[in-house]
Amino acid sequence: MLPPDATYYVAGHRGMVGSAIVRRLRAQGCANILTRTHAELDLTRQQAVEDFFRSEKPDVVILAAAKVGGIHANNTYPAEFIYENLMMQANVIHQAHASGVQKLLFLGSSCIYPRLAPQPMPEDCLLTGTLEPTNEPYAIAKIAGIKLCESYNRQYGRDYRSVMPTNLYGTNDNFHPDNSHVLPALMRRFHEATQSDADVVTIWGTGTPMREFLHVDDMAAASLFVLGLDSTTYAANTAPMLSHINVGTGSDVTIRELAEKIAGVTGFKGRIAFDTSKPDGTPRKLMDVSRLARMGWTASLSLDEGLRSTYAWFLEHGKDMRQ
Numbered sequence: 003m004l005p006p007d008a009t010y011y012v013a014g015h016r017g018m019v020g021s022a023i024v025r026r027l028r029a030q031g032c033a034n035i036l037t038r039t040h041a042e043l044d045l046t047r048q049q050a051v052e053d054f055f056r057s058e059k060p061d062v063v064i065l066a067a068a069k070v071g072g073i074h075a076n077n078t079y080p081a082e083f084i085y086e087n088l089m090m091q092a093n094v095i096h097q098a099h100a101s102g103v104q105k106l107l108f109l110g111s112s113c114i115y116p117r118l119a120p121q122p123m124p125e126d127c128l129l130t131g132t133l134e135p136t137n138e139p140y141a142i143a144k145i146a147g148i149k150l151c152e153s154y155n156r157q158y159g160r161d162y163r164s165v166m167p168t169n170l171y172g173t174n175d176n177f178h179p180d181n182s183h184v185l186p187a188l189m190r191r192f193h194e195a196t197q198s199d200a201d202v203v204t205i206w207g208t209g210t211p212m213r214e215f216l217h218v219d220d221m222a223a224a225s226l227f228v229l230g231l232d233s234t235t236y237a238a239n240t241a242p243m244l245s246h247i248n249v250g251t252g253s254d255v256t257i258r259e260l261a262e263k264i265a266g267v268t269g270f271k272g273r274i275a276f277d278t279s280k281p282d283g284t285p286r287k288l289m290d291v292s293r294l295a296r297m298g299w300t301a302s303l304s305l306d307e308g309l310r311s312t313y314a315w316f317l318e319h320g321k322d323m324r325q
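Right, here's the structure in full:
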């Protein structure tokens, strides 16, 4: 269980995952939550992060801050994706250690695994093959974050844990037309097609890649579950240099099936076409979530239910999201 009187620093609290974790912490009675916007604290700046930890002295750190995006964004800004993520992670994890923080949770990504990893992907397939080229810089940064946590644990006896979510969606998602992930990008596209009575929606790739999707509220619940596990249970299900834990639903759908579901949710009645000149990305990315299930946690929200609630949120906040 998480101590309700501890001070929690949530890095990235305005992002989709960070905001869900803040909501979950508050629901669990944790009132002492530290947050900073990017304007208030640039996590890529070493001195600024050092000053923050020295003055605020949090008890627990949750590192949900990251530069994220879909295939287009990763292809367009590879330098920013590797540099900014490496700097944020190194600064926060090191300064947490330097200021005496014993418990930290690092949030990574399923893209850490090889492009042709066994399906579903177990934790121990990390670093066993070539990464997907379209997001390799981001994946390298996230792998480094895991190894930073493990190295501080190994050398200094810290309790720094890592969770690797599958594709996330839900409240506070990014619906930008160019820099969003596949699910919110499709939701926006189908919504706009419905509003304009378009006859066809064209989607990148062949529609055959398979993807797993986890609602962000489930991710927040899993994150705090892992963070709150007693050290004996956590250690019994991990290894010192293989300590990360997959978080997902354990089931996936094709991009075509996802598009059809979103078309139904948004009321689109036209035709769905596929631009096969555009990249597909990794053929399949299904997480092996048996480790987390053995610890006692499984996802609760179905994809259909999650899509309906996400679209309802999108409609309510659409003016802000569609800029």
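Going by the numbering used here, the residue at position 269 of the sequence shown is 271; the numbering climbs one at a time, nothing skipped.
Ideal Cβ positions, reconstructed from N, Cα and C, are used throughout, including at glycine.
Given the structure is predicted, the values throughout are model-derived calculations rather than measurements.
(request) Report the partner residues of residue 105 according to the DSSP bridge assignment. (result) 62, 161
(request) Compute the distance between the beta-carbons of residue 289 and residue 194, then report whether it is under 8 Å. (result) no
(request) Please say whether residue 66 and residue 90 have beta carbons closer to each other than 8 Å? (result) no
(message) I'd like the list of long-range same chain contacts for residue 297, defined as Cβ closer than 6 Å, with 5 residues on each side in sequence excluded.
(response) 239
(request) Using the DSSP secondary-structure output, state which residues sit across from residue 217 in a beta bridge. (result) 171
(request) Tell me whether residue 241 sits in a helix, a strand or coil according to DSSP, three-state version. (result) strand
(request) Quick one: residues in its chain with C-beta nearer than 7 Å to the C-beta of residue 295, no 5 flanking neighbours on either side, listed in chain order? (result) none
(request) May I have the straight-line CA-CA distance separating residue 144 from residue 101, to the nearest angstrom? (result) 23 Å
(request) Answer yes or no: does any C-beta atom of chain D fall closer than 8 Å to that of residue 41? (result) No chain D is present in this structure, which holds just one protein chain.
(message) Starting from residue 34, trace the alpha helix (DSSP H) in both directions and tell me its first and last residue.
(response) Looking at the DSSP string, residue 34 is not in any alpha helix (DSSP H), and its letter there is neither H nor E.
(request) Reducing DSSP to helix, strand and coil, say where residue 280 ends up. (result) coil
(request) Check residue 115 in the structure and name its three-state DSSP category. (result) coil
(message) If I measure Cβ to Cβ from residue 324 and keep anything under 6 Å in the same chain, skipping five residues before and after, which residues do I get?
(response) With a pLDDT of 48 at residue 324, under the threshold of 50, the modelled position of that residue is not reliable, and no figure is offered here.
(message) Taking a contact to mean a Cβ-Cβ separation below 8 Å, would you say residue 128 touches residue 117 in this structure?
(response) no
(message) Per DSSP, what are the beta-bridge partners of residue 148 in this structure?
(response) Its beta-bridge partners do not exist; DSSP assigns none.
(message) Can you list, in chain order, the residues of its chain with a C-beta nearer than 6 Å to that of residue 291? Leave out the 5 residues immediately preceding and following it.
(response) 248, 250, 252
(message) If I follow the unbroken alpha helix (DSSP H) through residue 70, where does it start and stop?
(response) Element bounds for residue 70: n/a, residue is neither H nor E.
(message) Since residue 268 and residue 313 should fall inside the 8 Å C-beta cutoff, what is the C-beta to C-beta distance between them, to a whole number of angstroms?
(response) 6 Å
(request) Return the chain-ordered list of same chain residues with a C-beta closer than 6 Å to the C-beta of residue 137, the five sequence neighbours on each side being excluded. (result) 76, 113
(request) Sort 190, 25, 19, 30 by Cα distance to residue 230 and report the nearest one. (result) 30
(request) Put residue 100 into one of helix, strand or coil per three-state DSSP. (result) helix
(request) Assign residue 317 to buried or exposed, taking buried as 16 or more other Cβ atoms, counted over all protein chains shown, within 10 Å of its Cβ. (result) exposed
(message) Measuring only the C-alpha atoms, how far is residue 161 from residue 84?
(response) 25 Å
(request) With residue 299 as the anchor, note down where its beta strand (DSSP E) starts and where it stops. (result) Per DSSP, residue 299 belongs to no beta strand (DSSP E) and is neither H nor E.
(message) Alpha carbons only, please: which of 62, 228, 207 is nearest the one belonging to residue 276?
(response) 207
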